[in-house]
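According to UniProt numbering, the stretch in the sequence shown is residues 1 to 491, in order.
Glycine residues also receive a C-beta, built at the ideal position from the N, C-alpha and C atoms.
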Amino acid sequence: MTPRLSLATWRSAAGRPGVTLPAVDPADLRTGIVHLGLGAFHRAHQAVLTEDAATATGDARWGILGVTQRSARVAEQLAPQDGLYGVLTKGATETSLRVVGTMRGVAFPGTDTDRVLATVAAPTTHVVTLTVTEKGYRRAPGGGPDLTDPDLAADLAALTSGADAPARSPIGLLVRGLARRQRADAGPLTVVCCDNLSDNGAVLAALVDAVLAATPSSDALRTWVAQSVRFPSTMVDRIVPATAPAHRAEAAALLGLVDEGLVVGEPFSQWVIEDAFAGPRPAWESAGALLTADVAPYERAKLRILNASHSTLAYLGALRGYATIAQAVADPDLEAAVRALVNDDVLPTLAAPEGMDLERYRDDVLDRFANPNTGHTTVQVAMDGSQKLPQRLLGTVRDRLAAGAVPVAAAGTIAGWIGYVRAAALGELVVDGRAVPLDDPMASVLAEAARGPQDGLAERMLGVAPVFGNLAGSAELVGAVRSALTEQVRA
Ligand code: CS2
């Protein structure tokens with residue numbers, strides 16, 4: 001039987017073609033970072049750059065305690081491997097595998113909340129990073145915390161009572177960790193939001209502050225957080241498809257070891273981080289990250305160009321039956337739709353970050369989408385549209401309307417989403433021979449608005465205020481979405 005990847009076995013892969021092993025012995029790394037949301041993206045992005053920084057500097061302080069968000073599955077995959085896992089990089093022409101050794105512990109809040117809180121409160125921990133997805137923040141319409149969310153409410157009750165119940169929400173876990181750190185007098189901390197939210201650092205800081213303002217007896221904690229915790233913004237970028245069985249087989253052949261924690265990524269990776277830390281941090285710049293005073297222009301360009309184009313291809317592509325983003329972008333109509341979105345609506349709203357050519361960026365993004373080997377599916381990108389569109393598309397729409405322009409191309413993306421939601425709600429969405437259900441935390445509200453007559457569909461969907469705010473009040477937008485839906489039905 002092929003042995004499993006672990007601290008005891010990883011060296012057996014030395015010298016295998018296409019395989020890179022940790023340059024710093026994972027066993028020598030101490031834990032200095034707690035990461036909330038141990039999905040594939042973190043493992044293929046921040047964890048890799050953190051290892052590269054350790055390799056470049058020899059600084060062994062920055063091992064990671066990875067905390068899974070919802071299920072124990074990731075912990076079950078990684079714990080028997082001592083946290084080691086491979087990243088299979090799928091380029092357009094080449095494949096390689098590297099073993100990453102920065103994950104020095106894996107925890108599941110259901111059983112390990114105390115360990116997570118203790119690690120956030122350890123004086124050797126200086127950074128908490130998060131990738132909990134848009135919906136993980138449990139925000140109410142308007143952006144504040146959703147205090148009616150039962151998981152967040154349970155965590156805040158535990159914060160007040162001091163009970164050591166298992167944490168149930170990422171923000172709850174974070175504020176309970178901050179409370180423990182304050183009590184332990186363990187010094188300042190930096191919390192780095194790595195999700196695709198616009199102004200993600202400021203958003204997270206405001207959310208934590210609002211949660212504490214609403215929690216009895218947490219005034220002292222709130223003051224301590226304001227003084228001692230920093231929330232830099234970041235832009236993160238790497239296309240990380242879900243790991244498929246074929247990837248596992250390919251990795252096992254390369255590595256000669258079984259890896260249940262394998263993740264997959266494209267060759268490209270970028271991280272722009274606001275240089276606003278409360279204390280020590282890994283030298284991520286030595287791993288190619290850009291530390292800068294102002295992340296906003298990078299973040300905005302990435303969300304509005306890459307992520308909005310991605311969603312456009314996901315919805316319109318799935319409606320045409322394409323399984324992958326690469327197939328969707330190869331359809332000339334869909335490529336044209338993306339180019340129109342970026343050229344007509346997105347670029348006029350952006351200021352190029354220094355040294356960045358946005359038209360070139362658009363073309364590079366389209367090339368990355370065309371990579372036939374990542375296998376990134378339209379359905380994966382299409383999920384959680386109610387959470388994603390406000391971040392990646394609706395800012396563009398608002399800016400265009402404010403400038404007196406009708407965002408016709410962006411309305412086409414909204415119509416694509418509406419068409420997708422309607423087809424899924426009616427059980428008519430078939431991709432790759434399989435019926436696709438609606439995967440969205442607002443699925444029932446959306447399905448209800450999407451069913452019913454085609455007539456009035458645009459109005460009903462734009463009337464879902466938690467997604468669109470007051471945009472339904474724009475007759476121009478409603479008209480443009482209605483026309484795009486009519487075109488879609490004809491197509
Ligand atoms: C994608 C992103 O699933 C999605 O919504 O648009 O995960 C995208 O692949 C990353 O942001 C790329 O950095």
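So, is N343 buried or exposed, given that buried needs 16 or more other C-beta atoms within 10 angstroms? By the neighbour-count rule (16 or more Cβ atoms within 10 Å), N343 is not buried but exposed.
Pick out whichever of L429, T119, A402 and P109 has its Cα sitting closest to the Cα of A382. Closest option to A382, Cα to Cα, is L429.
Would you be able to state if there are at least three C-beta pairs under 8 Å between the region 6–14 and the region 253–270? Contact between the region 253–270 and the region 6–14 is present, because at least three Cβ pairs lie under 8 Å.
Looking at A323 and T377, is the spacing between their C-beta atoms short of 7 Å? In this structure, A323 lies closer than 7 Å to T377 by Cβ.
Reference residue 527; option with closest CA among A423, G433, R434 and A435: Since the displayed the chain opens at 1 and closes at 491, residue 527 lies outside it and no answer follows.
Would the C-beta of I414 count as close to ligand 1, meaning under 6 Å from any of its heavy atoms? No, the Cβ of I414 stays beyond 6 Å of every heavy atom of ligand 1.
Using 6 Å as the cut-off, classify the Cβ of I305 as near or not near the heavy atoms of ligand 1, replying yes or no. It does not: the Cβ of I305 is nowhere closer than 6 Å to a heavy atom of ligand 1.
Using three-state DSSP, classify Q69 as helix, strand or coil. Here DSSP, grouped into helix, strand and coil, assigns Q69 to coil.
Measuring CA to CA, which of C193, L457 and G162 is closest to P216? Selected option, being the one with the closest Cα: G162.
Between the CA atoms of T133 and C194 - distance to the nearest angstrom: Each residue's CA atom was taken as its position, placing C194 and T133 some 9 Å apart.
Taking the C-alpha atoms as reference points, what is the distance between L262 and A202? Rounded to the nearest angstrom, the two C-alpha atoms are 32 Å apart.
Check this for me: beta carbons of residue 532 and H35, under 7 Å apart or not? What is shown of the chain runs 1 to 491, which leaves residue 532 out entirely.
The region 273–287 in contact with the region 329–346 per 3-pair CB rule at 8 Å: Because the criterion of three Cβ pairs below 8 Å is not met, the region 273–287 and the region 329–346 do not touch.
Based on Cα-Cα distance, which residue from A425, D439, V236 and P241 lies nearest to L303? Closest option to L303, judged by alpha-carbon separation, among A425, D439, V236 and P241: V236.
Cβ neighbours of G136 in the same chain (closer than 6 Å, five flanking residues each side left out): P170, listed in sequence order.
Any heavy atom of ligand 1 closer than 6 Å to the beta-carbon of N196? Checking the 6 Å criterion, the Cβ of N196 is within range of a heavy atom belonging to ligand 1.
So does D237 have its beta carbon nearer than 6 Å to some heavy atom of ligand 1? In terms of side-chain proximity, the C-beta atom of D237 is found nearer than 6 Å to a non-hydrogen atom of ligand 1.
DSSP beta-bridge partners for T129? Residue pairing by DSSP places T129 opposite H35 and V192 in a beta bridge.
In whole angstroms, what separates the C-alpha of T160 from that of L212? Straight-line Cα distance between these residues: approximately 10 Å.
Could you give the C-beta distance for V24 and A60, rounded to a whole number, given that I count them as a contact under 8 Å? Confirmed, Cβ separation roughly 7 Å.
Cβ of S96 within 7 Å of Cβ of T89? Yes; because the gap between Cβ atoms is below 7 Å, this pair is in contact.
A158, enclosing alpha helix (DSSP H) - first and last residue: For A158, the uninterrupted alpha helix (DSSP H) segment begins and ends at P150 to S161.
For K135, write down the residues that DSSP places opposite it in a beta bridge. DSSP output for K135 lists no bridge partner at all.
Local conformation of W417 per DSSP, three classes: In the three-state reduction of the DSSP assignment, W417 falls in the helix class.
Start-to-end residues for the beta strand (DSSP E) that takes in residue 536: Because the chain spans 1 through 491 in this model, residue 536 falls outside it and cannot be assessed.
For L130 and G39, believed in contact at Cβ under 8 Å, the rounded distance: Beta-carbon to beta-carbon, G39 and L130 are separated by about 11 Å, too far to satisfy the 8 Å threshold.
Just reading off the beta strand (DSSP E) that S444 is part of, what are its end residues? Per DSSP, S444 belongs to no beta strand (DSSP E); it is in the alpha helix (DSSP H), A443 to A450.
Does ligand 1 have a heavy atom nearer than 6 Å to the CB of H310? It does: the Cβ of H310 is within 6 Å (strictly closer) of some heavy atom of ligand 1.
Element boundaries [beta strand (DSSP E), containing Q270]: Taken as a continuous stretch (DSSP letters only), the beta strand (DSSP E) holding Q270 covers Q270 to E274.
Less than 7 Å separating the beta-carbons of A140 and D146? In this structure, A140 lies near D146, with their beta-carbon atoms less than 7 Å apart.
List the residues that DSSP assigns as beta-bridge partners of I64. In the DSSP output, where bridge partners are listed per residue, I64 has I33 and M103.
Environment of L426 [buried if 16+ CB atoms lie within 10 Å]: Result: exposed.
Distance, V478 Cα to L401 Cα: Straight-line Cα distance between these residues: approximately 12 Å.
Outcome for A75 when other beta-carbon atoms lying within 10 angstroms are tallied against a minimum of 16: So A75 ends up on the buried side.
When we look at the beta-carbon of A158 and count the other beta-carbons within 10 Å, is it buried (16 or more) or exposed? That one is buried.
When you compare the region 284–295 with the region 355–362, are there three or more beta-carbon pairs, one atom per stretch, that lie closer than 8 Å? Three or more Cβ pairs closer than 8 Å define a contact, and the region 284–295 falls short of that threshold against the region 355–362.
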